[in-house]
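First comes the structure, then the notes that go with it.
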Amino acid sequence: MTISFDDFLKVDIRVGTVIKAEPYPEARKPAIKMWIDFGPEVGERKTSAQVTAHYTPETLTGRQVAAVVNFPAKQIGKFMSECLVLGFADEAGEVVLIAPDQKVPNGQRLH
59 MTISFDDFLK VDIRVGTVIK AEPYPEARKP AIKMWIDFGP EVGERKTSAQ VTAHYTPETL
119 TGRQVAAVVN FPAKQIGKFM SECLVLGFAD EAGEVVLIAP DQKVPNGQRL H
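First residue of the sequence shown? That's 59 in the working numbering, and the numbers climb one at a time after it.
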């Protein structure tokens, strides 16, 4: 399916820094809760992600990640997710997060 450039612009993908991360043992599948700083325009958002195969809360804290920030909030168990971190599946189907290969200011939008 082909989309227009205007359709692409509707998806607000920003970079942010994980400022806090902790295990989410109540989740149906192993997950990690993250609080992400997207800079002054977007602010801090929280999310949970099934990324425990490659990451721990300690390795996520301080890391920049890309996320969709304009989806509506979604209840994930007892946790309200406010953004969607982005990644690709590896050969085993486990999520590898995407991020800039150089540090950029939090809140920058994907071009």
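Glycine included, every Cβ here is placed at the ideal spot set by N, Cα and C.
Predicted model only: the values in this text are computed from it and were never measured.
Spell out the partners DSSP gives residue i in its beta bridges.
i: residue 91; result: 80 and 106
i: residue 132; result: 139
i: residue 74; result: 123
Take the Cβ of residue i as the centre, count every other Cβ of all protein chains shown within 10 Å, and call the residue buried at 16 or more, exposed below.
i: residue 61; result: exposed
i: residue 86; result: exposed
i: residue 122; result: buried
Locate the alpha helix (DSSP H) running through residue i, then write down its first and last residues.
i: residue 165; result: That residue, residue 165, is in no alpha helix (DSSP H); it is neither H nor E in DSSP.
i: residue 100; result: 97-100
i: residue 117; result: 115-118
Under 8 Å, do residue i and residue j count as touching if we go by C-beta distance?
i: residue 80; j: residue 135; result: no
i: residue 119; j: residue 78; result: yes
i: residue 74; j: residue 125; result: yes
i: residue 102; j: residue 165; result: no
i: residue 170; j: residue 72; result: Within the shown structure, residues of the chain are numbered from 59 to 169, placing residue 170 beyond reach of any answer.
Tell me where the beta strand (DSSP E) around residue i begins and ends.
i: residue 145; result: 145-147
i: residue 154; result: 153-155
Hey, is the stretch 103-118 in contact with the stretch 148-157, meaning 3+ C-beta pairs nearer than 8 Å? yes
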